[in-house]
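Numbering (the numbering used here), first residue to last: 5 to 214.
Note that CB positions come from ideal geometry on N, CA and C, so glycine has one too.
Read the structure below first, then the notes.
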Amino acid sequence: MEDREADSGTASGHYFHQDLHVARRIFQNQPVRHVDIGSRVDGFVAHVAAFREIEVFDVRPLKNKINHIQFKQVDFSDASCPLRDYCDSVSSLHAVEHFGLGRYGDPLDYNGYLKGLDNIYAILQPLGKFYFSVPIGKQRIEFNAHRVFAVEYLIKILEGRFHIDSFSYVDDDGDFFEQVPLTPADIQGNYGCHYGCGIFELTKKAVDQR
């Protein structure tokens, strides 16, 4: 009886909006080889696999074999990752904030997220696209869960190696704001978020300018 008055579903929140937005951008950009690092298989990865091949690297195992998904179990917080200039497109959505915190069986490493970003930079070809999302708000670590990053800090660690093509975000209420300006006031205020989701579309610079 309750179904008669229920909504048709939930069309809000971090994962709903980031997965659709980034999958749409990959479809529009049509890369030669797209690799994903640690994003949800039952969300974003499935969206992309509906229209193209996708390679998935994750520290967690995946037992199922799924059409269009090539899976490799890899710890991307390991500094010894050997892949270089491997792909022209890479994504990591709501994943890097967990690197090095041990939540998924990876070794404890305070700088695990930085090593992960180093590896993502290394596997991406110059001028390749990087689609990246993490929680945004006041910078902090919530142990046994994740990190939350200040937008200003994210820009600082990204802009030497990547050009920021666009920034979108999901706010604390689960609403999506697409391709918003990166203004000083908004950056300082983390776009009003305590626990939002920042979504960057980036292009790897031909030369590391850090």
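Residue closest to residue i, alpha-carbon to alpha-carbon, out of the options
i	options	result
Gly-202	Ile-159, Lys-160 and Ser-137	Ser-137
Tyr-117	Asn-68, Glu-59, Leu-66 and Leu-158	Leu-158
Arg-44	Glu-156, Tyr-19, Pro-35 and His-25	Tyr-19
Phe-166	Lys-67, Arg-64, His-21 and Pro-130	Pro-130
Val-211	Glu-57, Phe-61 and Tyr-125	Tyr-125
Arg-107	Gly-196, Ser-81, Gly-164 and Phe-181	Ser-81
His-102	Tyr-90, Asp-79, Cys-85 and Pro-86	Asp-79
Ser-95	Lys-160, Leu-112, Asp-89 and Phe-61	Phe-61
Asp-169	Phe-153, Asp-23, Gly-178 and Glu-182	Glu-182
Leu-217	Val-152, Cys-85 and Glu-156	The structure shown has nothing for residue 217, since the chain only spans 5 to 214.
Pro-35	Glu-156, Tyr-135 and Ile-191	Tyr-135
Phe-180	Ile-191, Gly-193 and Cys-197	Cys-197
Asp-89	Asn-123, His-51, Ile-30 and Thr-187	Asn-123
Val-63	Asp-40, His-72, Phe-48 and Ala-50	Asp-40
Cys-91	Ile-73, Glu-59, Lys-209 and His-51	Glu-59
Gly-47	Gly-104, Ile-161 and Leu-97	Leu-97
Gly-200	Arg-151, Lys-209, Ile-161 and Leu-162	Arg-151
Simplified DSSP assignment, three categories, for residue i
i	result
Arg-44	coil
Tyr-173	strand
Met-5	Residue confidence for Met-5 is low, a pLDDT of 47 falling below 50, so the modelled location carries little weight and cannot support an answer.
Leu-128	strand
Phe-103	coil
Gly-13	Residue confidence for Gly-13 is low, a pLDDT of 43 falling below 50, so the modelled location carries little weight; the figure read from the coordinates is stated next. Correct three-state label for Gly-13: coil.
Val-39	strand
Phe-55	coil
Gly-200	strand
Tyr-19	helix
Residue environment, residue i, which counts as buried when at least 16 other CB atoms sit within 10 Å
i	result
Gln-213	exposed
Gln-32	exposed
Asn-115	exposed
Leu-121	buried
Lys-133	buried
Ala-149	exposed
Arg-28	exposed
Gly-42	buried
Phe-55	exposed
Gly-216	Since the displayed the chain opens at 5 and closes at 214, residue 216 lies outside it and no answer follows.
Lys-141	It should be pointed out that residue 141 corresponds to Gly in this sequence rather than to Lys. By the neighbour-count rule (16 or more Cβ atoms within 10 Å), Gly-141 is buried.
Ile-145	exposed
Gln-192	exposed
DSSP bridge partner residues for residue i (one or two, in chain order)
i	result
Tyr-135	Ser-95 and Glu-205
Lys-76	Phe-61
Val-152	Arg-144
His-167	Thr-207
Ile-70	Ile-73
Phe-180	Val-174
Whole-angstrom distance between residue j and residue i, CA atom to CA atom
i	j	result
Ile-70	Ala-53	9 Å
Val-174	His-38	24 Å
Ser-93	Phe-75	16 Å
Thr-207	Asn-68	32 Å
Ala-154	Pro-139	9 Å
Lys-119	Gln-77	17 Å
Val-26	Glu-205	8 Å
Ala-189	Glu-156	10 Å
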